Every structure is written in C-alpha cells, then in structure tokens.
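S.K.: The numbering of the sequence shown is the working numbering, which starts it at 9 and goes up by one.
Before I ask anything, let me first share the structure, which is written out below as structure tokens.
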Amino acid sequence: MKPSAPPSDIHHTRSAKGKAGSSVKLFLVMWIVLIALGVLGAYYYSNHLQQQMITQLQTHNQQQIATLKADYEKQLTTISQEISDLQGQVQSFNELLTFTKDNANDKTDNSNKLYTQLSEVKKQLETLQKKMDLLK
9 MKPSAPPSDI HHTRSAKGKA GSSVKLFLVM WIVLIALGVL GAYYYSNHLQ QQMITQLQTH
69 NQQQIATLKA DYEKQLTTIS QEISDLQGQV QSFNELLTFT KDNANDKTDN SNKLYTQLSE
129 VKKQLETLQK KMDLLK
C-alpha cells in the first residue's frame, strides 16, 4: 500500500494546525483576561467613587451641623440675656410696687399702674421662657 501523501507532508500539516490552534486559544485567553481586568477595574473604580461621595457628604453634613449648632447657641444666648433683663425689670418693678404700696394712700392710683406694668412684663417673660424651652 502506498500512502497518499508522503509522511513528511503529513507531519508539516499537523504541526501547522497545532500552531494555529494554540494561537487561537492564546488569543481567546488573552481576550478573556482583558475583559476580566476591565470588569475588575470598573468595580474598584465605582467603589472608589462611592467612598469619595460618602466622604464629601459626611464633610458637608458636619459643616451644616456646626452651623446649626452655632445658630442655636446664639439664639439661646440671646434669649437668656432677654430673660435676665426682664427678670431685672420685674425685680425693679416689685421693689417700686412695694415702695408705692408702703407710701400710697387711698387717693393715689399708682399701684394699679404698677400692677399693669408688672403684668405685662410677666407676660413677656413667660413668652421668652416658652421660646427658650422650645429651643432646648
């Protein structure tokens, strides 16, 4: 029996097919590796962006909280000052009222005026106290 092709031709054909098959496999493996690296890179980049946004939001929130705290303390200080001023006025009106009662006779109406003023001051004091309680 005669072989249809010389043995040296068969050997060259098989090795050419083997080289072509291995280069295709290598090409596919490289593409798969590149795709996997791209997906992995996108994942890490999205996590990095997410961390940056979280950090920026935390910084912004801390600034807003500090601003609100400063405003709250300023309002509380103002209201406390107003309350202390009104308490001083109430005290002086009480002293004046006591003095007027001691020196008043039946013909004077000064005590009624002082009671009216004292009542108004007490109302203002109560209003400020309610505002202060709301701020607390």
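Cβ atoms here follow ideal geometry from the backbone N, Cα and C, with glycine treated the same way.
None of the values given here were measured: they were computed from a predicted structure.
Counting only the same chain and skipping the five closest in sequence on each side, list residues whose C-beta sits under 6 Å from that of Lys130.
M.R.: Counting only Cβ-Cβ distances below 6 Å, and skipping sequence neighbours, we find nothing.
S.K.: Under 8 Å, with one C-beta from each stretch per pair, do the region 46 to 54 and the region 97 to 107 reach the 3-pair mark?
M.R.: These segments do not touch.
S.K.: Using only CA atoms, which one of Gln83, Leu126 and Leu133 lies nearest to Asp93?
M.R.: When each option's Cα is compared against that of Asp93, the closest is Leu133.
S.K.: With a CB to CB cut of under 8 Å and the five nearest residues on each side skipped, what residues in its chain are close to Met9?
M.R.: Because Met9 sits at a pLDDT of 46, beneath the cut-off of 50, its placement in the model cannot be relied upon, and the point is left open.
S.K.: Going by C-alpha to C-alpha distance, which of Thr63, His56, Glu103 and Ile91 sits closest to Asp141?
M.R.: Out of Thr63, His56, Glu103 and Ile91, Ile91 has the C-alpha closest to the C-alpha of Asp141.
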